[in-house]
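Residue numbers (the numbering used here): 4 to 711. All C-beta atoms, glycine included, are put in the ideal place defined by N, C-alpha and C.
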Ligand code: BGC
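Okay, structure coming up:
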């Protein structure tokens, strides 16, 4: 039977606008651990949704598990700067969803890293809208290529967790359009997600899920979005306003939502046309689903194949932040003294709806044990026993535990004498620093979170003292969800490997990067500031929601468009590691830049040459500096990027990139127009935002103005 809007009763159509109505995981009747489900109505089957975004998250119960690959967190995916690779990750996630009977994946998360402390930053990609948009578009294309819908979330300005259900984000229209809306605009136009999830917060006084300007004018009329908007779970305070605004599906929904909507229709507060408009979109979504098409889930996803994809993604997302005197890579057979409890309780992902339940997980210690390095077992056993004692026996054997331990353990477990002994009998020290973060709480600018604990600092100082006294190197591994403070202690170590939260293959990939089987090629998608006080959002309590006890009702995005490197560049604030930064074991040179402009596009071409000793990949970044015009301009903005193929020593690749002239526009809020100012533009090609190798120029003869 063909179902369409005309074949359904008014009541059935209203039922389509609200999910079946339990809260959080354990909701779906068909896949009991999924996050939500629509209703079976008039011949339409229910469709099932689940989280995202580090892999498929279906909550296990005592009778059944839905093991799924734990991929590196999205910030690490963005660190690869490799859309093709991220598309493969998306495809693998889509296949696992398909194989478990899930129709719509509640991912990717695409909010902006406005500052380092948002508890869900790991679920998001970057501080830059272009990088976020391009990586998210690749992710969505991958998921949807197998017939599963992707959901771009959380729309919009949901860049903090504190008081997330009620907080009012106050942001000016220019910043909103250039920074926060831009990534969503890119994915709507380039990847056509089946769904968008509106966020919990208010935007300039109105809940996003109840905001017709956002959900209808901007999203549909300006950008042409033709899919479903669903609410975040329990968002907003008025389902009638939600439907009127264009929030088609209220999640998790429930019978009470359906009755409120029905009453509103009876009272004439919600028109049948408004119901039809949203119901028609939900019907379309159901009809696109695999369930509607009769697909039978195999329940046997190809986890071994996807483990390889997770490995590849982590391998390209590792960022080498420091490598003095070529401390890395380590030679096979190197005797390694491994310090820090993070070698045992390595954090593979973050907490909340974005966590995962994989079949296996390799921590750093086991990864190194399986490599050509010789781990000092006596030292590591001290850590294994210590973690067992503190966290419980189960902690080590549980294959699918939630990483529920946010507080790092105390690290004062060795004496100076013991460390001296380990220094004598090993060749190198590796110190693991671990953190995690999660949904519902922001990180804090305190010791043990953004800053090292006193015991971590003492450990680094002691190891550095003892190993350096014998002329031996010290390597730090940062196993963290988002930036921490490094500027005050990085001089104590010789090399720093940033491995983020790398997913289930963690230890294996990290070991391979340490020995050079993997040559790090990740670049920072987000700035590491020297200190929290340097972050523009930290300037006043009004601009940062602070700690939950403050119970803030609003957060003002005081810095406007000057987020991340746009701020550090403009106000001459030296970061610890800038946006786009990342070293390699080899070296690259940039040569032969040509810049050619036609009416609508600018073509930028150049060679990247591997002039070092190891095969490697480079992420070439193109920034553009605009002339001053009708509005204040950032010093430069990322406008294009490309990761090279694996280049052998001596090999070169010609990179050819295209920039649309319209994408050079700034938003003039007082005139309500995008404007590309006439004048001379500088093209800056580099291996980070502050390591520019080549510059060129082009001119825009006449100012171009266009409506959003
Ligand atoms: C989160 C969403 C998630 C949803 C369903 C909410 O609390 O904010 O990101 O998709 O729960 O689990």
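DSSP places residue 708 in the uninterrupted beta strand (DSSP E) bounded by 707-709. Per DSSP, reduced to three states, the secondary structure at residue 683 is strand. The alpha-carbon separation between residue 562 and residue 539 amounts to approximately 6 Å.
Taken through DSSP and simplified to helix, strand or coil, residue 465 comes out as helix.
The three-state secondary structure of residue 256, taken from DSSP, is strand. The DSSP-derived three-state label of residue 541 is helix. In the DSSP annotation of this structure, the continuous segment of the alpha helix (DSSP H) that includes residue 370 starts and ends at 367-372. Under the 8 Å Cβ criterion, the region 329-336 does not count as touching the region 299-315, having fewer than three qualifying pairs. With a cutoff of 8 Å on beta-carbon distance, residue 349 and residue 366 are scored as near each other. C-alpha of residue 659 to C-alpha of residue 599: approximately 11 Å in a straight line. Between residue 499 and residue 324 a beta carbon distance of about 4 Å is seen, short of the 8 Å cut, so the two are scored as contacting. When secondary structure is reduced to three states using DSSP, residue 92 falls in the helix class. Shown here, residue 139 sits in a helix according to DSSP, grouped into three states.
Residue state for residue 148 is assigned as coil, using DSSP reduced to three classes. Residue 44 and residue 18 have their C-alpha atoms some 7 Å from each other. Its chain contains 465, 466 and 469 as the residues whose beta carbon lies nearer than 7 Å to that of residue 422, once the 5 sequence neighbours on both sides are disregarded; these appear in chain order. Short note on residue 526: C-beta not closer than 7 Å to any heavy atom of the ligand BGC. Taking 8 Å as the upper bound for CB-CB distance, residue 95 and residue 72 are in contact here, some 7 Å apart.
Along the region 228-257, the beta strand (DSSP E) occurs as fully enclosed runs of 3 or more residues at 231-233, listed in sequence order. Taking a cut-off of 8 Å for Cβ pairs, the region 519-535 and the region 145-154 do not touch, as fewer than three such pairs fall below it.
Under the three-state reduction of DSSP, residue 386 is assigned to helix. Beyond the five residues adjoining it in sequence on each side, residue 532 comes within less than 6 Å, by CB distance, of 538 and 578 in the same chain, given in chain order. Residue 483 has no beta-bridge partner at all, per DSSP. Here the alpha carbon of residue 670 sits roughly 10 Å from the alpha carbon of residue 564. Rounded to the nearest angstrom, the gap between the Cα atoms of residue 519 and residue 588 is 8 Å. Not one heavy atom of the ligand BGC is found less than 7 Å from the C-beta of residue 40. Collapsing the DSSP output to three states places residue 265 in a helix.
In the DSSP assignment, residue 669 falls within the unbroken beta strand (DSSP E) covering 669-671. By the CB criterion at 8 Å, residue 293 and residue 60 fall outside the cutoff. With distances taken between CA atoms, residue 361 lies nearest to 68 out of 126, 160, 68 and 380. In the DSSP assignment, residue 557 falls within the unbroken beta strand (DSSP E) covering 557-559.
In this structure, residue 230 keeps its C-beta atom at 8 Å or more from the C-beta atom of residue 267. If you ignore the 5 residues before and after residue 450, its C-beta comes within less than 7 Å of the C-beta of 456 and 457, all in its own chain and listed in chain order. Here DSSP, grouped into helix, strand and coil, assigns residue 69 to coil.
For the set 691, 235, 241 and 380, the Cα lying nearest the Cα of residue 591 is the one of 691.
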